[in-house]
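Position 509 of the sequence shown, counting from 1, maps to 509 under the UniProt record's numbering, and the rest follow consecutively.
For glycine and all other residues, C-beta sits at the position ideal for the given N, C-alpha and C.
Here the structure is a predicted model, which means the values were calculated and not measured.
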Amino acid sequence: MLNLSVLLEDGARNQPERDAVVFGDLRLNYTLVDMLANQVANLLVAKGIGRGDRVAIACPNLPYFPFVYFGALKAGAVVVPLNVLLTPREIEYHLRDSGAKALFAFTGTAELPLGERAWKAFTAVEECAVYIDLPPVAGATESAIEGAQTFWAALEGQPGTFDTVRTEADDTAVIIYTSGTTGQPKGAQLSHNNLLFNAVACDGLFGRSPTDHDVFLAVLPLFHIFGQTTMMNLGFYRHGTIVLQARFEGDETLTLMEREGVTIFAGVPTMYWGLLNAKGEHDLDAITSALTTAVSGGSPLPAEVTKQIKEKFGVDILEGYGLSETSPVVSFNNPRKLSRTGSIGVPIWGVEMMLVDEDFAAVEGVGTGEIAVRGHCVMKGYHERPDINEQVIRNGWFRTGDIARRDEDGFYFIIDRSKDMIIRGGYNVYPRELEEVLMTHPGVSLCAVVGVAHETHGEEIKAYVIRADGSQTTEQELIDWSKEELAAYKYPRIVEFLDALPMTATGKILKRELR
């Protein structure tokens with residue numbers, strides 16, 4: 001028996017009065033967070049939702065996230081975190097594909113009308129029978145969405161204790177959606193064992209506070225596996241305090257680090273750039289005296305940023321590598337061993353890496369090849385995608401699609417990421433998905449999407465388009481239309497019209513020429 005909710009339950013047993021979650025002026029101890037998760041579990045069981053059923057949550061970094069996450073796990077259900085930037089069409093797809101029976105969705109704001117989008121998607125999916133509104137005001141019982149029940153009204157009368165369902169280690173705990181390199185997004189099935197072992201492995205890599213009470217700043221989205229494992233799950237494993245920030249803003253982040261005595265911070269490269277360029281006045285001595293560990297992932301970190309962070313905050317940024325399909329951490333630059341600037345490090349404990357060619361044969365020595373991974377971190381497979389699973393997993397080895405080289409000491413260096421994948425501000429953007437959507441526009445005859453270098457986002461999304469006959473569609477019109485059809489981090493910011501696209505003799509678009 002293994003249930004990932006043990007991370008929270010163990011903290012409640014051993015540090016019941018310690019702050020588990022901090023958000024703004026709200027401070028919730030382990031006892032209270034565990035009690036609310038128990039109420040969620042009781043609510044789900046009362047609604048007929050239990051072991052193996054999927055429960056979706058669309059919520060930024062608010063205290064609701066751990067309540068629902070661990071409550072669903074306690075009930076034996078599978079958590080399906082959704083990106084809060086998804087459109088109604090995209091949310092509907094995720095609900096249908098996962099077979100979700102319940103959806104917990106944040107009401108949202110004027111800038112992020114998440115509730116409207118989620119409710120529209122929910123009403124279109126008959127199989128999803130339970131909708132719970134997560135209001136912006138704690139304790140609110142009136143929903144802003146007609147026909148919806150608020151979280152607090154739903155919990156009323158639910159017991160604060162619950163006998164956690166006895167799930168097995170290999171049962172699916174979380175389904176994380178990732179587009180991969182082709183087609184529609186696919187759900188990576190991560191087991192209780194996958195997620196627990198990855199958190200434990202990270203525990204051995206991240207430094208500790210001398211007081212043995214770590215404070216984690218969770219600004220990485222918890223709906224993304226990077227933040228979920230390295231901030232929330234590891235934070236609870238250590239019985240630490242998790243400070244939630246709903247959206248990164250350099251000055252606000254530094255203020256939280258100063259106020260809360262943050263010891264561990266993880267971010268994507270653009271966040272570190274934002275910390276360096278924050279304009280407010282801050283007590284750097286207070287920040288640097290507490291901060292023990294800074295971790296970066298998602299895209300390559302410029303050496304100059306690493307240098308400046310060291311100079312300003314007194315910590316070395318530790319770089320690693322991982323994917324949604326690997327829980328996520330695969331390799332890391334261990335601070336207690338030799339590291340390599342620009343490298344993604346070496347495999348973490350319990351994980352193997354190798355380079356393979358197109359036929360899945362091992363590439364020996366320091367050659368170049370596709371990274372393949374085997375170990376406790378590798379997903380069970382994509383949800384209901386047996387054909388794709390056969391292509392990417394063989395004898396336990398998962399093909400990542402990322403091309404790398406290996407030096408003589410065994411350190412890996414990324415050369416190209418997931419073939420045509422774009423990494424914009426730490427988010428993975430897969431051109432194939434965008435191209436399929438763009439092709440539905442009546443003014444588009446053919447298109448190709450690529451990433452182009454960008455100073456702050458790493459890469460920006462550019463679409464090369466051949467207009468349909470007679471079309472007068474402009475760049476701005478196509479961009480505005482894309483905003484309505486795609487999540488905010490996905491739509492192209494640059495459109496260039498061409499009379500023809502470069503192609504091979506077999507009709508394959510030569511994206512390397514477009515780049």
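Status (buried if at least 16 other CB within 10 Å, exposed otherwise) for residue i
i, result
"Pro-66", "buried"
"Glu-127", "exposed"
"Asn-333", "buried"
"Arg-166", "exposed"
"Phe-206", "buried"
"Leu-323", "buried"
"Ile-415", "exposed"
"Asp-97", "buried"
"Ala-303", "exposed"
"Ser-191", "buried"
"Pro-347", "buried"
"Gly-24", "exposed"
"Ala-468", "exposed"
"Asp-387", "exposed"
"Leu-338", "exposed"
"Arg-247", "exposed"
"Gln-391", "exposed"
"Ser-289", "exposed"
"Pro-159", "exposed"
"Leu-86", "buried"
Where residue i falls: helix, strand or coil (DSSP)
i, result
"Leu-397", "Residue 397 is actually Trp in this sequence, not Leu. If DSSP states are grouped into helix, strand and coil, Trp-397 belongs with the strands."
"Lys-307", "helix"
"Arg-18", "coil"
"Ala-12", "helix"
"Tyr-30", "helix"
"His-94", "helix"
"Gly-147", "coil"
"Thr-181", "Note that Thr-181 scores a pLDDT of 46, beneath 50, so its modelled location is shaky; the value from the coordinates is reported in the next line. It is coil, neither helix nor strand."
"Pro-502", "coil"
"Arg-54", "strand"
"Pro-210", "coil"
"Val-68", "helix"
"Arg-247", "coil"
"Glu-325", "helix"
"residue 549", "Here the chain has residues from 1 to 515 only, and residue 549 is not among them."
"Asp-170", "coil"
"Ile-287", "helix"
"Arg-374", "strand"
"Phe-236", "helix"
Per DSSP, the bridge partner or partners of residue i
i, result
"Arg-424", "Tyr-427"
"Cys-447", "Val-465"
"Ala-102", "Val-55, Val-130"
"Lys-186", "Thr-178"
"Phe-332", "Gly-320, Val-346"
Any non-hydrogen atom of the ligand FMN closer than 8 Å to residue i Cβ
i, result
"Leu-323", "With respect to the ligand FMN, the structure offers nothing, as it holds no ligand at all."
Distance between beta carbons of residue j and residue i, contact taken as under 8 Å
i, j, result
"Gly-204", "Trp-349", "6 Å"
"Ala-169", "Thr-178", "Contact doesn't hold; Cβ gap of about 23 Å is too wide."
"His-383", "Phe-197", "At roughly 21 Å, the Cβ-Cβ gap does not stay under 8 Å, so His-383 and Phe-197 are not in contact."
"Ser-471", "Gly-451", "Wrong, their Cβ atoms sit about 25 Å apart, outside the cutoff."
"Ala-20", "Asn-29", "6 Å"
"Ile-393", "Gly-381", "6 Å"
"Ile-461", "Arg-512", "Not confirmed; about 17 Å, so no contact."
"Val-68", "Phe-104", "5 Å"
"Asn-193", "Leu-2", "6 Å"
Separation of residue j from residue i, as counted between CA atoms
i, j, result
"Thr-255", "Ala-448", "42 Å"
"Asp-199", "Ala-404", "Going by the sequence as given, residue 199 is Ala instead of Asp. Ala-199 and Ala-404: Cα-Cα distance of roughly 25 Å."
"Leu-476", "Leu-438", "Here residue 476 is Gln; the residue named in the question, Leu, does not match the sequence. Taking the straight line from one Cα to the other gives about 14 Å."
"Arg-208", "Leu-8", "19 Å"
"Ile-287", "Ala-121", "43 Å"
"Asp-212", "Ala-110", "41 Å"
"Asp-359", "Asn-389", "16 Å"
"Leu-514", "Glu-435", "15 Å"
"Ile-264", "Met-232", "12 Å"
"Leu-446", "Tyr-464", "8 Å"
"Glu-142", "Phe-151", "10 Å"
"Thr-293", "Val-315", "7 Å"
"Leu-217", "Glu-455", "25 Å"
"Val-329", "Glu-459", "22 Å"
"Glu-281", "Leu-318", "26 Å"
"Leu-32", "Glu-17", "9 Å"
"Thr-306", "Lys-47", "50 Å"
"Val-130", "Ile-49", "9 Å"
"Gly-11", "Thr-253", "26 Å"
"Gly-298", "Gly-157", "42 Å"
"Thr-123", "Leu-155", "22 Å"
Chain E contact for residue i (CB, 9 Å cutoff)
i, result
"Glu-258", "The structure shown contains no chain E; it is built from a single protein chain."
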